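Peer 1:
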Amino acid sequence: MMSTINVSENKVSILNRFISKKFYNTRFFPNETSGRGWDQNVMQRKYEVLLVSQFTLYGFLKGDKPDFHVAMPLEKVKPFYASVVDRFKKSYNPDAIKEFLVFVFGPPALMLLSMVNLVNDGPVTMQLDSQSPK
30 MMSTINVSEN
40 KVSILNRFIS
50 KKFYNTRFFP
60 NETSGRGWDQ
70 NVMQRKYEVL
80 LVSQFTLYGF
90 LKGDKPDFHV
100 AMPLEKVKPF
110 YASVVDRFKK
120 SYNPDAIKEF
130 LVFVFGPPAL
140 MLLSMVNLVN
150 DGPVTMQLDS
160 QSPK
């Protein structure tokens with residue numbers, strides 16, 4: 030399962046705990062034994078997890094233009110992302126956690142472009158937000 034991690038500067042204090050707990054406990058998958066849908070989580074399936082940092086920069090549209098001023102600054106992203114990876118590894122099988130560090134910052138001429146090929150094999154794409162209702 031792939032998880033892209035996009036961080037707003039104002040969510041740092043609660044996000045680290047929230048994201049791993051919510052991610053691991055959410056029942057994304059059907060139970061193949063009982064046939065019940067939305068019944069099993071990543072750990073029950075023993076899936077690997079790919080954590081991708083800042084795959085798409087946290088931002089919003091301001092009129093017709095992207096605005097990334099609320100994104101966490103680069104100097105804070107690296108240690109925060111490392112702490113997220115560490116928490117994911119401590120909460121599950123460390124060998125099942127894979128990481129891909131991506132930084133896309135600054136004006137278009139200075140952006141580091143990285144490519145990740147993703148095959149969406151599921152029926153849904155979910156957004157976990159620490160500000161969303163639990």
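Read in order, the letters of the sequence shown correspond to residues 30 to 163 in the numbering used here. Virtual Cβ for every residue (Gly too), placed ideally from N, Cα, C. Small disclaimer: the values here were computed from a predicted structure and weren't measured.
1. Helix, strand or coil, according to DSSP, for V99 in the structure here?
2. L89 to A125, Cα distance in whole Å?
3. Given a threshold of 16 other Cβ atoms within 10 Å of its Cβ, counted over all protein chains shown, does A111 qualify as buried or as exposed?
4. If F52 and L130 are in contact, beta carbons under 8 Å, what's the gap, nearest whole angstrom?
5. What first and last residue would you give for the alpha helix (DSSP H) that runs through V81?
6. By alpha-carbon positions, which one of V113, V106, P102, T62 ends up nearest to R46?
7. Quick check on the burial criterion: 16 or more other C-beta atoms within 10 angstroms. Buried or exposed for T62?
8. Could you work out which residue in S32, M30, M31, L44 is closest to F109 when comparing CA atoms only?
Peer 2: Working from what's here:
1. Taking the sequence shown and counting its residues from 1, the one referred to as residue 99 is at position 70. V99 falls in the coil class under three-state DSSP.
2. Here the question's residue 89 lines up with position 60 in the sequence shown. Here the question's residue 125 lines up with position 96 in the sequence shown. According to the sequence as given, residue 89 is Phe; it is not Leu. Going from the Cα of F89 to the Cα of A125 covers about 32 Å.
3. If you number the sequence shown from 1, residue 111 lands on position 82. The residue in question, A111, is exposed, as its Cβ has fewer than 16 Cβ neighbours within 10 Å.
4. On the sequence shown, position 23 is the one that residue 52 refers to. On the sequence shown, position 101 is the one that residue 130 refers to. The pair is not a contact, with the Cβ atoms about 18 Å apart (cut-off 8 Å).
5. On the sequence shown, residue 81 is found 52 positions in, with the first residue counted as 1. It is not in any alpha helix (DSSP H) - V81 instead sits in the beta strand (DSSP E) that spans 78 to 82.
6. For this step, residue 46 is matched to residue 17 along the sequence shown. Checking every option, the nearest Cα to that of R46 belongs to V113.
7. Against the sequence shown, residue 62 aligns to sequence position 33. Exposed, by the Cβ-count rule.
8. The sequence position of residue 109 within the sequence shown is 80, counting from 1. Nearest option by C-alpha distance: L44.
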